[in-house]
DNA sequence: TATGAATGAGCCTTCATTCAT
DNA sequence: TATGAATGAAGGCTCATTCAT
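Residue numbers (this note's numbering), protein chains in the order written: chain C, 1 to 234; chain U, 235 to 468; chain F, 469 to 702; chain A, 703 to 936.
Given below as structure tokens:
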């Protein structure tokens, strides 16, 4: 798991494990384009209608290719979904996998700033790739155990990132020792969900985004208590 | 039913609105039993396989009735899902709709105790009604807008409860004024998700449950900062 | 076949032949009422929706009895149809089976008057028993060969009546010898169909009725030729 | 196509209106063939068993294609029926839509010859396309209002043709003025029904055909009266 | 290689018929 | 006797997948 600034890619590790990717394109360059094209169309269709309600023909049409072509590049509709989720995970990771975000903070303030940045990055997805986010958040887990687990693992990676940082802070002495880094990691990721879901449902506005970000920051800063002792953000 | 006088029946309100319940049972007692029986079977099947992947015949078989009987009591497979979700929402609400939980706290400590109780109540669902929880968390939103929205509203009710209490605390002066009660309400509910999901996936053990509960309590108590001033509960 | 005035009932003979009537009511008096009641309701439902599109439950509901009761008096939905058609044929025959109509005419004028009376009687059905007429004309033949044949036989009886009279006239010397009595009999019945169908479809008004009656009378009286002229063919 | 200048395309008009033809064939030539093939099979099956009693699978089997192929070219079983009836109407019209038949007669003799030709043309259908005729006469009206009306309109077109000619004759002074051209038009068409139905039921033989044709001609020529006499009505 | 026509297993739903009460 | 709940066979229709061109 990445913890050093020079180690910016390993997040992608989550993508390499799954048992997916049953079909392999014969020609790496040219036909990989086709796959991308089909996966892109599938993302839009699946996000719009859901996986089950989308037909392979709709995906083909959206991609501007024949139905047979889809089956030339994918063994089954299910494999398209696998690739779709892989791509979604990759986009999710790309968003987070930035050196700046991964820079380990050395103080509570910078940790909280990092969390704010993480939330910002995720909220950015609502605007930039709502379909990707929708598939990851609502569709993935409903499909099937195996796939749900893979997507879960995406969340785990994020949470793991946070957990590592927390551990770092605990070891460094500037974070409470009695916090469970893993549980807190998950919790911090979870704190972004309401804002993300709301953004997906009703559309995101700057005010909402700020409101949810501030709330996250406030909660991780000092909980619900009145500051007056300490721990404040922004 | 909520016991606060000023707070008549808001929780149950969410159940009264939906467009479900298209048919009318000819005999109140007998046929309501059948409906319950079929809905119960459907909950298990839907939770196991997902709504789309479950056939009406499977529901009938699980219920121990003929396929025709299912359609005697429900107009369509879709209406079964409506009833299933209604029942899930009701169970969710029943779990939370306890006088003790709804008692408005007057201090930060009692508020946090209430949050712990709420988390406890939800974690209890993992053991008592994992299927109900799974349907609410995983299946519902993937189905369709209208239904997803109804379930969302269930979450909103929960978050609203918390928000109300927060407002009470802000007015009472023992909570920070700059917190957005609604956003915080959602956030606190969201804090339970990682623990609930993990419980659903790998099964819940007492240690995990405590770990997640403590994390929630810790976060809402003082955030990530070192108590030195600290407000903490327990 | 009836040809004498004193022989007013044999028309009903057509009802006695068919292989229908599979079920027999246990009690002649009381339960015969039930059968009639169910058949009446079936006539309305079948006429409204067609035999195939009508469910046994609809018939039962219309009759104000339980579904089981229908099957107590009829072995199958199909048998209801048999009885329905029997009843329709009976009503058709009752309309024609009047001494006055059956009185054998002795002149062309009285023959034509008889034809006018026959047309009148049939047109009366449009107002008095449109459902009966509809079932006989549009539904019956579409169902099945056997049943269609029975209804056809009803038409044959009518045509046969006319044919007999024609033969009488030919023998009497006041009708052309080269007419085929049977074919002409059918033709005269057929002449009423357009008026009957129109009446069923758009509702009958007195003007239409007169128009069609006059046309029938005119055609059988002198064909298309101008009276005074003699039209000849072949 | 009618050759009278004042009478552009009325016959075909009946084909252009209906709400049928929902789908569009992707490839004009090839898929139109499939449609024809399926419609042809449907005509045979529907004529044999009736529309309701025929399953889509039976049509597919008869057409020698898979069930899915049927639904590739037709949205529903019902749409097949629409096309079937359209085709039947077209065949009916083609039979009558001959220049010779549409030539407006100038004398009673030629009018009657025209009627004989019309009857001949229709009786020809019994031998050439009995299924088409059966569907038009027996099945169509029983199906449903909208469709029944379309077929009715086919009959109206035929009757209208006759009516036009009659009007021509009345204006020309060689036909009685007091005949209602429309009613007589329908009546003349109706005169063919008994012969057609009998042909369909028991099979047509030359003798029957002649007998019915002669009867029609006789009736329209001079009614029932002995030529030389003039029959009068009313 | 790309296409889309062809296929049929499988699903939702209906409804005639039965039978316990 | 009357009822209506229960049943499951059967049909319309969809769509993932194949394969000839």
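Even for Gly, the Cβ is constructed at its ideal location relative to N, Cα and C.
- Contact check for residue 89(C) against residue 51(C) fails: the beta carbons are separated by 7 Å or more.
- Neighbours of residue 82(C) across chain U, judged by C-beta separation under 8 Å, do not exist; the nearest C-beta is about 17 Å away.
- Note on residue 55(C): under 16 other CB atoms within 10 angstroms of its CB, so exposed under the neighbour-count rule.
- Within its own chain, the residues whose Cβ lies closer than 8 Å to the Cβ of residue 377(U), once the five positions on either side in sequence are excluded, are 285 and 315, listed in chain order.
- For the region 433 to 450 of chain U, the beta-carbon criterion of a distance under 9 Å to any beta-carbon of chain C is satisfied by 435, 442, 445, 446, 448, 449 and 450.
- Annotation for residue 428(U): the continuous alpha helix (DSSP H) segment containing it runs 415 to 436.
- One Cα belongs to residue 57(C), the other to residue 788(A), and the distance between them is close to 31 Å.
- Inside the region 527 to 588 of chain F, DSSP marks whole alpha helix (DSSP H) runs of 4 or more residues at positions 535 to 541, 545 to 564 and 567 to 570, from first to last along the chain.
- For the region 278 to 303 of chain U, the set of positions with a beta-carbon nearer than 7 Å to some beta-carbon of chain C reads 284 and 286 in chain order.
- Within its own chain, the residues whose Cβ lies closer than 6 Å to the Cβ of residue 162(C), once the five positions on either side in sequence are excluded, are 185 and 188, listed in chain order.
- Annotation for residue 679(F): no residue places its beta carbon closer than 7 Å to its own, counting only its chain and skipping 5 residues before and after.
- Of all residues in the region 634 to 654 of chain F, only 643, 644, 647, 648, 651, 652 and 654 come within less than 7 Å of chain A when Cβ atoms are compared, listed by chain position.
- Three or more beta-carbon pairs separated by less than 8 Å are not found between the region 638 to 652 of chain F and the region 849 to 857 of chain A, which leaves the two stretches without contact.
- Bounds of the alpha helix (DSSP H) holding residue 149(C) are 145 to 172.
- Here residue 731(A) carries a helix assignment [DSSP, helix/strand/coil].
- Restricting attention to 348(U), 318(U), 391(U) and 451(U), the CA atom closest to the CA of residue 278(U) is found in 318(U).
- Residue contact check for residue 221(C) against chain U: a CB pair falls below 7 Å.
- Within the region 352 to 365 of chain U, contact with chain C at the beta-carbon level (separation under 9 Å) is assigned to no residue.
- The region 909 to 924 of chain A makes no contact with the region 669 to 684 of chain F; the number of CB pairs closer than 8 Å stays below 3.
- For residue 139(C), at least one C-beta of chain U is nearer than 7 Å to its own C-beta.
- Within 8 Å of the CB of residue 98(C), no CB atom of chain U is found; the nearest one sits about 22 Å away.
- Of the residues 133(C), 174(C) and 169(C), the one whose Cα lies closest to the Cα of residue 193(C) is 133(C).
- Using a CB distance cut-off of 7 Å, residue 191(C) counts as an interface residue toward chain U.
- Around the CB of residue 433(U), 16 or more other CB atoms lie within 10 Å, so the residue is classed as buried.
- Residue burial annotation: residue 352(U) is buried, with at least 16 other C-beta atoms found within 10 angstroms of its C-beta.
- Identification of chain C residues near residue 276(U) by a Cβ-Cβ cut-off of 8 Å yields none; the smallest Cβ-Cβ distance measures about 16 Å.
- Against chain U, the beta carbon of residue 105(C) has no neighbour under 7 Å; the closest one sits roughly 11 Å away.
- Scanning its chain for C-beta atoms nearer than 8 Å, with the 5 sequence neighbours on each side dropped, one finds around residue 623(F) the residues 654 and 657, in chain order.
- From the listed residues 303(U), 429(U) and 340(U), the smallest Cα separation to residue 266(U) is found for 303(U).
- Secondary structure of residue 826(A) (DSSP, three-state): helix.
- The residue among 773(A), 731(A), 832(A) and 738(A) with its C-alpha nearest the C-alpha of residue 898(A) is 832(A).
- By a beta-carbon distance limit of 8 Å, residue 797(A) contacts residue 827(A). Their separation comes to about 6 Å.
- Neighbours of residue 452(U) in chain C, taken as residues whose beta carbon is under 7 Å from its own, are 179 in chain order.
- Burial of residue 447(U) is indicated by the presence of at least 16 other C-beta atoms within 10 angstroms of its C-beta.
- The criterion of a C-beta distance shorter than 7 Å is not satisfied by residue 509(F) and residue 540(F).
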